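Numbering (our numbering), first residue to last: 15 to 508.
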Amino acid sequence: MTRTDKPKARTARGFRDRLGAEIAAERDMLARISEVYESWGFDPLDTPALEYTDALGKFLPDVDRPNDGVFSLQDDDEQWLSLRYDLTAPLARFVAENYDALPKPFRRYAVGPVWRNEKPGPGRYRQFTQCDADTVGAPAPFADAECIAMLAEAIEAAGVGRQDFIIRINDRNVLTGLLETIGLGGDDSAPQRLKVLRAMDKFTRLGDQGVRQLLGIGRKDESGDFTEGARLEDVDAERVITFMKSSAPTNVQSCSRLMELFEGRSAAGAKGVETLSAITELLKTAGYDESRVIIDLTIIRGLEYYTGPVFEAELLTAPLDEQGRPVRFGAIASGGRYDDLVRRFKGVEVPAVGVSVGVSRLLAALDFVRGRSLEERGPVVVLALEKDRMADYQAMAAELRRAGVRAEVYLGGAGMKAQLKYADKRGAPLAVIQGSDERARGEVTIKDLVLGARLAREIEDNVKWREGQAAQISVPRAQMVDAAKRIIEGDRAW
RNA sequence: GCCGCCUUAGCUCAGUUGGUUAGAGCGCUAGAUUGUGGAUCUAGAGGUCCCUGGUUCGAGACCAGGAGGCGGUACCA
Numbered sequence: 015m016t017r018t019d020k021p022k023a024r025t026a027r028g029f030r031d032r033l034g035a036e037i038a039a040e041r042d043m044l045a046r047i048s049e050v051y052e053s054w055g056f057d058p059l060d061t062p063a064l065e066y067t068d069a070l071g072k073f074l075p076d077v078d079r080p081n082d083g084v085f086s087l088q089d090d091d092e093q094w095l096s097l098r099y100d101l102t103a104p105l106a107r108f109v110a111e112n113y114d115a116l117p118k119p120f121r122r123y124a125v126g127p128v129w130r131n132e133k134p135g136p137g138r139y140r141q142f143t144q145c146d147a148d149t150v151g152a153p154a155p156f157a158d159a160e161c162i163a164m165l166a167e168a169i170e171a172a173g174v175g176r177q178d179f180i181i182r183i184n185d186r187n188v189l190t191g192l193l194e195t196i197g198l199g200g201d202d203s204a205p206q207r208l209k210v211l212r213a214m215d216k217f218t219r220l221g222d223q224g225v226r227q228l229l230g231i232g233r234k235d236e237s238g239d240f241t242e243g244a245r246l247e248d249v250d251a252e253r254v255i256t257f258m259k260s261s262a263p264t265n266v267q268s269c270s271r272l273m274e275l276f277e278g279r280s281a282a283g284a285k286g287v288e289t290l291s292a293i294t295e296l297l298k299t300a301g302y303d304e305s306r307v308i309i310d311l312t313i314i315r316g317l318e319y320y321t322g323p324v325f326e327a328e329l330l331t332a333p334l335d336e337q338g339r340p341v342r343f344g345a346i347a348s349g350g351r352y353d354d355l356v357r358r359f360k361g362v363e364v365p366a367v368g369v370s371v372g373v374s375r376l377l378a379a380l381d382f383v384r385g386r387s388l389e390e391r392g393p394v395v396v397l398a399l400e401k402d403r404m405a406d407y408q409a410m411a412a413e414l415r416r417a418g419v420r421a422e423v424y425l426g427g428a429g430m431k432a433q434l435k436y437a438d439k440r441g442a443p444l445a446v447i448q449g450s451d452e453r454a455r456g457e458v459t460i461k462d463l464v465l466g467a468r469l470a471r472e473i474e475d476n477v478k479w480r481e482g483q484a485a486q487i488s489v490p491r492a493q494m495v496d497a498a499k500r501i502i503e504g505d506r507a508w
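What follows is the structure, encoded as structure tokens:
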């Protein structure tokens with residue numbers, strides 16, 4: 015192979031490798047969330063990563079090529095396959111395919127990677143993990159309220175304090191009602207409705223000014239790019255903005271304000287308010303008041319997808335980045351009602367509501383909030399000083415493992431110094447050392463790497479840093495496991 | 001997708017108006033300090049200067065195209 019033939023070792027754009035602590039943290043979080051889902055009576059369902067593209071509903075309009083945004087490939091029979099971009103579309107396919115055999119309502123949860131062929135950004139990858147729970151075949155509001163309550167429990171189980179997050183809720187029908195009151199109810203206004211909703215979706219980021227521009231003539235951003243506006247009359251634009259600011263401190267107040275707005279003017283709007291009112295009442299009875307679930311009229315969510323209540327969970331503690339600016343993580347979980355999804359397959363409307371936790375985002379957020387608490391705790395490393403005693407070393411490691419302590423024998427070819435460096439790099443709590451001296455005495459030396467590091471940090475004047483041998487003890491071989499366990503317990507206290 | 005900025009050692013970055021063997025800090029490897037990671041000292045390894053093409057006697061520096069990264073914006077089921 016010549017130089018130019020050599021492939022470059024690199025991960026594909028928007029993808030990444032992960033190891034050790036991060037995987038453990040995600041596995042742990044998924045287990046906690048799944049446990050909550052399962053305890054609420056949801057059964058796990060696993061579906062394939064690849065689906066027929068038409069089953070996912072992702073062909074470009076009027077073109078027989080799959081949509082941008084999904085990774086697709088053509089099978090040898092020319093049929094298009096796509097990697098799933100969420101867990102809900104496969105659920106709809108599964109329900110339609112097995113409709114008659116399933117208990118209805120059908121409750122399932124699903125965990126796994128999904129792929130999106132989009133521009134990656136910080137914390138935004140082209141492969142990420144979702145953790146969903148959905149109830150198919152149950153109309154609002156009971157299933158919706160349950161879903162929200164369960165989400166709150168799942169987020170807590172994942173490690174976010176009760177006071178550190180809030181779930182914001184809105185309803186698609188309420189938004190439809192708003193659009194009707196500004197004269198955008200008709201079928202011919204559909205494109206404009208879309209633009210208005212998109213503009214509203216940016217309220218949190220762009221504020222009144224930006225949204226006002228987007229509702230009117232359009233907006234030019236700081237890079238010089240221009241976004242076409244919805245071209246509403248000024249009065250109507252103001253109504254939209256006023257609407258978004260009219261979320262009240264209590265859910266009851268919000269509902270009565272909305273009722274006032276819609277009464278006699280929009281059936282859809284009134285229906286939405288009733289639903290919101292019912293859900294928040296149910297939740298309140300269950301102990302979820304405004305401090306945990308609040309009506310927020312700026313919540314929009316997916317545009318041509320949700321048909322009723324929509325909600326998202328947001329972290330309230332905004333940690334600061336290196337420059338001291340607050341870090342926005344966006345929604346850590348979201349969900350809503352989508353009554354149309356199965357209709358594509360069956361022709362009949364099947365009501366459904368679900369929730370999705372963005373696992374990677376939640377992990378990243380937690381990481382920030384509690385400052386890399388996911389610190390690596392490596393295995394105990396048994397040094398291999400005498401090559402002809404490897405069997406003894408393996409026996410030591412085995413004893414430690416039997417006592418529930420992660421342990422391994424150093425298997426490289428380097429000397430003692432390098433072996434300790436290795437142990438250090440692995441994050442080992444301690445190293446077990448038995449050279450010829452210890453062996454002659456029937457002992458092992460246990461070096462406390464955590465304590466040693468701490469002592470070294472305190473001792474500024476050096477040369478005598480070597481007396482840091484206080485961080486190690488010799489014990490009879492038979493007491494090795496006990497001594498090791500004691501040291502590990504002690505380290506935990508620090 | 002569009003706009004802007006960036007890409008030099010494992011990492012963070014210097015590199016003067018184009019001019020010989022491309023540098024620093026940290027990290028890494030080895031040695032010293034009785035058989036010891038984290039302190040100190042010494043030595044060493046490590047670079048297709050993102051890629052391709054062009055301008056030039058000469059390109060890490062200049063030009064064009066591409067790739068990757070960052071930021072903004074659009075889209076986001």
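The beta-carbon is built from N, C-alpha and C at its ideal position, and this holds for glycine as well.
No experiment lies behind these values; they were computed from the predicted model shown.
Of all the options G344, V369, N187 and S488, which has the alpha carbon lying nearest to the alpha carbon of L101? V369
Nonlocal neighbours in the same chain, by C-beta distance under 8 Å from I180, ignoring five residues either side: The answer, listed in chain order, is S305, R306, V307, I308, A327, E328 and L330.
L296 to A159 span [Cα, whole Å]: 7 Å
In chain order, what residues of the same chain have a beta carbon less than 8 Å from the beta carbon of D60, not counting five sequence neighbours either side? Leaving aside the five residues that flank D60 on each side, the residues in its chain whose CB is nearer than 8 Å to its CB run, in chain order, A124 and G126.
DSSP-derived helix/strand/coil call for D451: helix
Taking 8 Å as the threshold (C-beta atoms), are G243 and G230 in contact? yes
Expected contact under 8 Å - CB spacing of A157 and P117 to nearest Å: Incorrect: roughly 14 Å between the Cβ atoms, too far for contact.
Alpha helix (DSSP H) segment containing V362, residue limits: No alpha helix (DSSP H) contains V362, which DSSP labels as neither H nor E.
Starting from S96, follow its DSSP beta bridges and name the residues at the other end. E65 and S86
Run of the alpha helix (DSSP H) containing G34, from where it starts to where it stops: G34 to S53
State buried or exposed for A23, treating a residue as buried only when at least 16 other CB atoms are found within 10 Å of its CB. exposed
Contact under 8 Å by Cβ, F520 with R121: The structure shown does not extend to residue 520, since the chain is modelled only from 15 through 508, so no value can be given for it.
According to the neighbour-count rule (16 or more other Cβ atoms, all chains shown, within 10 Å of its Cβ), is Y66 buried or exposed? exposed
Alpha carbon to alpha carbon, what distance is there between Y407 and L165? 48 Å
Rounded to whole angstroms, how far is the Cβ of A347 from the Cβ of G137, which I believe are closer than 8 Å? No, A347 and G137 are not in contact; Cβ-Cβ is about 15 Å, not under 8 Å.
For D202, which of helix, strand or coil comes out of DSSP? helix
With a CB to CB cut of under 6 Å and the five nearest residues on each side skipped, what residues in its chain are close to E167? Taken in chain order, the residues that qualify are V50.
Counted within 10 angstroms of its Cβ, other Cβ atoms place M494 as buried (16 or more) or exposed: buried
Apart from the five residues just before and just after T321, which ones in its own chain have a Cβ nearer than 7 Å to its Cβ? Excluding positions up to five away in sequence, the list reads R186, R351, Y352, D353 and D354.
Would you call the stretch 392-409 and the stretch 439-450 touching, i.e. three or more CB-CB distances under 8 Å? yes
Outcome for K209 when other beta-carbon atoms lying within 10 angstroms are tallied against a minimum of 16: K209 is buried by the Cβ-count criterion.
Find the nearest neighbour of V84 within the set L64, G316 and V356, judged by alpha-carbon distance. L64
R27 versus P134: straight-line alpha-carbon distance, rounded: 8 Å
Would you report the Cα separation of A281 and G199, rounded to the nearest angstrom? 11 Å
Just how far apart, CA to CA, sit A115 and V423? 53 Å
Coarse secondary structure for N265, derived from DSSP in three states: helix
For the beta strand (DSSP E) holding E277, just list the boundary residues, first then last. Unbroken run through E277: none, as it is neither H nor E.
In terms of alpha-carbon separation, which member of L246, T149, T25 and G71 lies closest to W54? When each option's Cα is compared against that of W54, the closest is T149.
Residue range of the alpha helix (DSSP H) that P104 falls in? T102 to E111
Counted within 10 angstroms of its Cβ, other Cβ atoms place F276 as buried (16 or more) or exposed: buried
Top-ranked residue by Cα proximity to E40, from I502, G372, A411 and Q486: G372
Beta carbon of L463 nearer than 8 Å to that of A445: yes
Would you tell me roughly how many angstroms separate the C-alpha atoms of Y515 and D42, rounded to the nearest one? Outside the displayed range of the chain (15 to 508) lies residue 515, so it cannot be described from this structure.
Which residues bound the alpha helix (DSSP H) around N187? R186 to T195
Measuring CA to CA, which of C145, E252 and N81 is closest to A172? C145
How long is the line joining the alpha carbons of E363 and V356, rounded to whole angstroms? 7 Å
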